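Residue numbers (the numbering used here), protein chains in the order written: chain A, 5 to 493; chain G, 20 to 451; chain V, 610 to 740. Beta carbons: idealized from backbone N, C-alpha and C, even for Gly. All figures in this text were calculated on a predicted structure; none of them were measured in a lab.
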Amino acid sequence: MIYDVIIIGGGVTGCSIARTLSKYNLDICLLEKEAEIAVGTTKANSGVIHAGYASPRDYIKRHLCIGGNKMYTQAAEELNFPFKRIGSFVVALEDNQIKQLEEERKKGTEDGVPGLEVILDKKKIKQMEPNLTDEVVGVLHAPSAGLASPYELTFALAENAVMNGAKFFRNHEVVKIKHQDYVFTVRTFAGEFQGRNLINASGLYAARISRMLGLDYFSIMPRKGEYILFDRNAIQLNKILFPIPTKVSKGILVCPTLHGNTFVGPNAQNITDRENISTTTAGLKEILEGGMKLVPNIPARSSIRNFAGLRAVPDTYDFIIDNTDVYGFINVAGILSPGLTATFAIAEKVVEFLELLGVELKVKEDYNPIRPKPERFKDFTKEELDIKIKEDPAWGRIICRCETIPEKEIINAIHAPVGANTVDGVKFRCRPGMGRCQGGFCRPRVIEILSRELNKKYEEITKSGEDTNILMGKTKDFLLKRERGGARK
Amino acid sequence: MKKYEVDVAVIGGGSAGIAAAIVVKKAELDVLILERDKEIGGITLQCIHNGFGLHEFEEELTGPEYVQRFINQAKDLNIPYKLDTMVIEFTPDKTIYAVNNKEGLIEIKAKAIILAMGCREKTRGAINIPGFRPAGILTAGQAQRFVNIEGYLPGRTYVILGSGDIGMIMARRLTWEGCQVKAVVEIQPYVSGLIRNEVQCLEDYGIPLITSYTVTKIHGKERVQGVTVSKVDRNFDRVIGSEKFIECDTLLLSVGLIPENELTREAGAKISVMGGPVVDNNLETTIDGVFACGNVLQVHDLVDLVTAEAKRAGLNAIEYVKEKYGKEIGKKTQIKCTAGENVNYIKPDLINNADLERDIIFTFRVKRPDRRLLIQFKDDKNKIVYKRKKIYVIPSEMIELKLNLREQQIDPDCKSLEVEVIPRPEVLIEED
Amino acid sequence: MSTKTNESELPEGFKDIRCIICPTGCLVHVENINGELIIEGHSCKRGEEYAREEFVAPKRILTTTMRVEKGFLPLIPVRSDKPIPKDRLEETLKLIAKAQTTAPIKMGDTLLENVFGLDINIIASRDLIEM
Numbered sequence: 005m006i007y008d009v010i011i012i013g014g015g016v017t018g019c020s021i022a023r024t025l026s027k028y029n030l031d032i033c034l035l036e037k038e039a040e041i042a043v044g045t046t047k048a049n050s051g052v053i054h055a056g057y058a059s060p061r062d063y064i065k066r067h068l069c070i071g072g073n074k075m076y077t078q079a080a081e082e083l084n085f086p087f088k089r090i091g092s093f094v095v096a097l098e099d100n101q102i103k104q105l106e107e108e109r110k111k112g113t114e115d116g117v118p119g120l121e122v123i124l125d126k127k128k129i130k131q132m133e134p135n136l137t138d139e140v141v142g143v144l145h146a147p148s149a150g151l152a153s154p155y156e157l158t159f160a161l162a163e164n165a166v167m168n169g170a171k172f173f174r175n176h177e178v179v180k181i182k183h184q185d186y187v188f189t190v191r192t193f194a195g196e197f198q199g200r201n202l203i204n205a206s207g208l209y210a211a212r213i214s215r216m217l218g219l220d221y222f223s224i225m226p227r228k229g230e231y232i233l234f235d236r237n238a239i240q241l242n243k244i245l246f247p248i249p250t251k252v253s254k255g256i257l258v259c260p261t262l263h264g265n266t267f268v269g270p271n272a273q274n275i276t277d278r279e280n281i282s283t284t285t286a287g288l289k290e291i292l293e294g295g296m297k298l299v300p301n302i303p304a305r306s307s308i309r310n311f312a313g314l315r316a317v318p319d320t321y322d323f324i325i326d327n328t329d330v331y332g333f334i335n336v337a338g339i340l341s342p343g344l345t346a347t348f349a350i351a352e353k354v355v356e357f358l359e360l361l362g363v364e365l366k367v368k369e370d371y372n373p374i375r376p377k378p379e380r381f382k383d384f385t386k387e388e389l390d391i392k393i394k395e396d397p398a399w400g401r402i403i404c405r406c407e408t409i410p411e412k413e414i415i416n417a418i419h420a421p422v423g424a425n426t427v428d429g430v431k432f433r434c435r436p437g438m439g440r441c442q443g444g445f446c447r448p449r450v451i452e453i454l455s456r457e458l459n460k461k462y463e464e465i466t467k468s469g470e471d472t473n474i475l476m477g478k479t480k481d482f483l484l485k486r487e488r489g490g491a492r493k
Numbered sequence: 020m021k022k023y024e025v026d027v028a029v030i031g032g033g034s035a036g037i038a039a040a041i042v043v044k045k046a047e048l049d050v051l052i053l054e055r056d057k058e059i060g061g062i063t064l065q066c067i068h069n070g071f072g073l074h075e076f077e078e079e080l081t082g083p084e085y086v087q088r089f090i091n092q093a094k095d096l097n098i099p100y101k102l103d104t105m106v107i108e109f110t111p112d113k114t115i116y117a118v119n120n121k122e123g124l125i126e127i128k129a130k131a132i133i134l135a136m137g138c139r140e141k142t143r144g145a146i147n148i149p150g151f152r153p154a155g156i157l158t159a160g161q162a163q164r165f166v167n168i169e170g171y172l173p174g175r176t177y178v179i180l181g182s183g184d185i186g187m188i189m190a191r192r193l194t195w196e197g198c199q200v201k202a203v204v205e206i207q208p209y210v211s212g213l214i215r216n217e218v219q220c221l222e223d224y225g226i227p228l229i230t231s232y233t234v235t236k237i238h239g240k241e242r243v244q245g246v247t248v249s250k251v252d253r254n255f256d257r258v259i260g261s262e263k264f265i266e267c268d269t270l271l272l273s274v275g276l277i278p279e280n281e282l283t284r285e286a287g288a289k290i291s292v293m294g295g296p297v298v299d300n301n302l303e304t305t306i307d308g309v310f311a312c313g314n315v316l317q318v319h320d321l322v323d324l325v326t327a328e329a330k331r332a333g334l335n336a337i338e339y340v341k342e343k344y345g346k347e348i349g350k351k352t353q354i355k356c357t358a359g360e361n362v363n364y365i366k367p368d369l370i371n372n373a374d375l376e377r378d379i380i381f382t383f384r385v386k387r388p389d390r391r392l393l394i395q396f397k398d399d400k401n402k403i404v405y406k407r408k409k410i411y412v413i414p415s416e417m418i419e420l421k422l423n424l425r426e427q428q429i430d431p432d433c434k435s436l437e438v439e440v441i442p443r444p445e446v447l448i449e450e451d
Numbered sequence: 610m611s612t613k614t615n616e617s618e619l620p621e622g623f624k625d626i627r628c629i630i631c632p633t634g635c636l637v638h639v640e641n642i643n644g645e646l647i648i649e650g651h652s653c654k655r656g657e658e659y660a661r662e663e664f665v666a667p668k669r670i671l672t673t674t675m676r677v678e679k680g681f682l683p684l685i686p687v688r689s690d691k692p693i694p695k696d697r698l699e700e701t702l703k704l705i706a707k708a709q710t711t712a713p714i715k716m717g718d719t720l721l722e723n724v725f726g727l728d729i730n731i732i733a734s735r736d737l738i739e740m
């Protein structure tokens, strides 16, 4: 078949485009190279929904961010992903920084950022955020800033896109693209796909995909950001805290998460390896020290995890959203911060481009924008729980004791549209292994459920896709193999 | 919602919970064990090595043998237990809410509760090793469960970080399964676990123990391909230039255990710095009638010691149900126990002045190994209440002392008691 | 300290043995000097005995698992009922690896009898019910 639109890349950008386009009478497919969606730059995104005052006025990302922020209210209602407008502070620690805050407030307000306010009353500031350093002299308060879970948002987008007819193919890495007679032939390791329009949302690999069609007008540089996550009991923040921004980034922030944890990060290191999501000693020290400037009582000892994510930084430092010279090929590249905030506005931009390309966009009669909220054990009252377990005993079998996740939530995550097929996929969809023990207790059980539900052998279950098998054999296998005289490597 | 009423509810059906329940049942009180796993027995069931039971039975048993004896006793006494049952909450008035897949939500009203939830392993995040997040990183206890219970091997070649007992025991266990353990890496200048394990699990198989080193980088993107280890100085800072690469496909973490007290904390009980609840000399937490024992209170060296503590908790719960439950309890006056020089923590945290006539069992650990020492208890006026000599101390050995403070003529008005382990002042020749 | 022994096959040479009897961990030097065992460095009688045995004929209790058919779990933990000479551990492990037993099993059941004619049995370490 020939698809109307093929999207390359299953991050938040690709999934958001897929979901927005699934509203129309189009045949859509999305190709993702990894075993799960939302595992690239999306996964380690800080989840901050920015108010939009930060980028320069001549950048398209500023305007898509301000517009995108507003679209979150409706999107969160429709897609039922975790989202909260908790507001942010840009924290001035010196008197001469206040001028800068004033400037940002003025320009931001003019451009439509709601509610911006410079607060100089230290008592009021500390009331709003008691954990903030005593050194604070003033803050720029942006009440429209918020938090979203980037991967839960992506799963919601993908599920809703599939509900509305889009097809998702994971483990499909694009290796070659041909464009002939207005049809793109996209070859992947797992088969060929044909489509009339092709959207490149491949994040860190966007320049590579673009070059497959002979378009070599931008480059993407990976920039690594490291984060440290703290235990829920350690500290609780009310606001997202930014330092005064530097030229390269918004700086190291201290930020609550939607699950009640706190994180610090990211730093910004330009690197060359597109897979290098390793953390470094120096980097972790840098972010901890950076964070302590804003929140001196960060409980360094209650860190439960550190991780790094890569941001796709284009040489222009702005989003690259183009109807390219290759007819029907749209680049959506260089979606760095505030790409998550802008995601719905970016998708609408793609719709505009498709219109310009003459694609007929008719809203489907049966389009359903609602992706039902995943049922969670923790959201039930005791009475509801009792009924739920009687309906389906899998609600009563707790697999993850740190986060109280029953078997049923894991089964649901596996069987959702574009459902989990790896241990990490389960973890990011319903959190077993995200808690204090980081999977110490529940991993064997999660593997058991995956193997049963996917009808795979226990040893075949992977952490995150090919070559990431968790187990290497059965107990006694190695002894028996050695006995048979087989050479052991 | 199904509702139960019992005299004593025990949360956790491992070695501690079963031993406590047996004591309670023998006193002819109603008891109920709530266990989250599919059988009772707890973590001891996966500790298939021997070395258990010398205190309790005066013979050397494996972990499963040790706990099987208690399971058999519990079954002979018809002690009821619920499997696959997860407690989701308990309240200060001792109502427990739990779920399982047969009964749905269950409410249990108890006169006393014994907490016996055990402990969990610290994870890599807590120690922040830089590097990738590949497959092939797990805790030693998790590997133990895979190998001994589930029947799977998580890798072929291993580096083990941390020389705690579980780590060393897993080094031998994996060697015995045909795997190769390249090294056990320990950040401290000394082994963390027992010497017996160092000799019989590492030296016997020529597995190098690398002390004053730690893992500073994990290599491999999909699967672990090796680790970089680096020497650390006295402040545990990395010594630049000391890095060595060790090839392996799996990294096991054996970097310590922490009591598992989320339920306890949520119920409002005070938690002490080491992660266990604050308890008085009756092992009673700061919530009346809620007792704690075993690794949920403090991480023990040996299951035998867990059993002993659990029996005490059981007896104290019986006393509470029979003599104190439902009665007006006035405010307790208590002496606070604190950790002084070279003491990491001490249990109990509090001593009831009303109990000064009783023998009190103190348990504590030192921060660092030392020899030729004096253990001293001092009151808040710096008066030495008790002292005794000790030849050596190591952090991996919990020190237990039974004291009658009245006999030691403690000042009844004293508010606090500090224990310290200090070098013996005068060096006398060989009188230990 | 020195003791005459009647053992005909006393190992040659010497060994420095770390005593495991208590956490003191004495380093005990054991040496065969012309058929006479010299033991030094221990600080108690038990330590001396331990070091002698470790020098003359080191033995270990073997604890491992055996595959089970129809069991509630796929493996049953097992142990040797007596200590096994250290140099026979590896072949015993392989023997156990090849074996398989069937649930139900009771703690103490003999699963392998008189392995390698050493008068050592491999016994179950716990009860295991049928699936």
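Rounded to the nearest whole angstrom, the C-alpha separation of Phe725 of chain V and Lys668 of chain V is 15 Å.
Contact check between the region 357–370 of chain G and the region 156–169 of chain G: fewer than three CB pairs, one atom from each, fall below 8 Å, which does not count as touching. Secondary structure in the region 169–211 of chain G: the alpha helix (DSSP H) runs of 4 residues or longer, each lying completely within the stretch, are 184–195 in chain order. Secondary structure of Met167 of chain A (DSSP, three-state): helix. Phe93 of chain A and Glu352 of chain A have their alpha carbons spaced roughly 29 Å apart. The contact set of Leu483 of chain A on chain V, defined by CB atoms closer than 7 Å, consists of Leu702, Lys703 and Ala706 in chain order. At a Cβ-Cβ threshold of 8 Å, Ser249 of chain G and Gly183 of chain G do not count as neighbours. Using beta-carbon distances, Pro686 of chain V counts as an interface residue toward chain G, with a partner under 8 Å.
For the region 157–186 of chain G, the set of positions with a beta-carbon nearer than 7 Å to some beta-carbon of chain V reads Asn167, Ile168 and Gly170 in chain order. If you draw a straight line from the Cα of Lys289 of chain A to the Cα of His263 of chain A, it comes to about 24 Å. Only those residues of the region 460–484 of chain A whose C-beta falls short of 7 Å from the nearest C-beta of chain V are listed: Thr479, Lys480, Leu483 and Leu484. In this structure Lys392 of chain A is buried. Its beta-carbon is surrounded by 16 or more other beta-carbon atoms within 10 angstroms.
Separation of Asn164 of chain A and Glu356 of chain A (C-alpha to C-alpha, rounded to the nearest whole angstrom) is 21 Å. Per DSSP, His67 of chain A is one residue of the alpha helix (DSSP H) stretching across Ile64 to Leu83. Excluding sequence positions up to five before and after Glu36 of chain A, its CB lies within less than 6 Å of the CB of Gly14 and Arg174, all in the same chain and listed in chain order. DSSP, reduced to helix, strand and coil, places Asn91 of chain G within a helical segment of the structure shown.
DSSP lists A:Cys33 and A:Leu202 as the beta-bridge partner residues of Ile10 of chain A. Put simply, the region 314–321 of chain A does not touch the region 144–157 of chain A. Fewer than three CB pairs are less than 8 Å apart.
The beta carbon of Lys254 of chain A does not come within 8 Å of any beta carbon belonging to chain G, so the residue lies off that interface. Arg676 of chain V has a beta carbon lying within less than 8 Å of a beta carbon in chain A.
Take Leu48 of chain G, set aside five residues on each side of it, and the residues of its chain with a beta-carbon closer than 7 Å to its own are Asp26, Val27, Ile337 and Val340, in chain order. Look at Ala154 of chain G here: in three-state DSSP terms it is strand. In the displayed model, Lys130 of chain G falls within a strand according to three-state DSSP. Rounded to whole angstroms, Glu140 of chain G and Arg66 of chain A show a C-alpha spacing of 46 Å.
Where His419 of chain A is concerned, the enclosing alpha helix (DSSP H) starts and stops at Glu411 to His419. Residues of chain G with a Cβ closer than 7 Å to the Cβ of Ile402 of chain A are, in chain order, Arg55, Met105 and Val118.
For Ile451 of chain A, the enclosing alpha helix (DSSP H) has its first and last residue at Arg447 to Glu457. Glu364 of chain A and Phe193 of chain A have their C-alpha atoms spaced approximately 31 Å apart.
Using a Cβ-Cβ cut-off of 7 Å, Pro99 of chain G is close to nothing in chain A; its nearest Cβ partner there is about 18 Å away. Annotation: Cβ neighbours of Thr235 of chain G in chain A (cutoff 7 Å, chain order): Thr285. Bridge pairing for Thr326 of chain G: absent [DSSP]. Per DSSP, Cys220 of chain G has no beta bridge partner at all.
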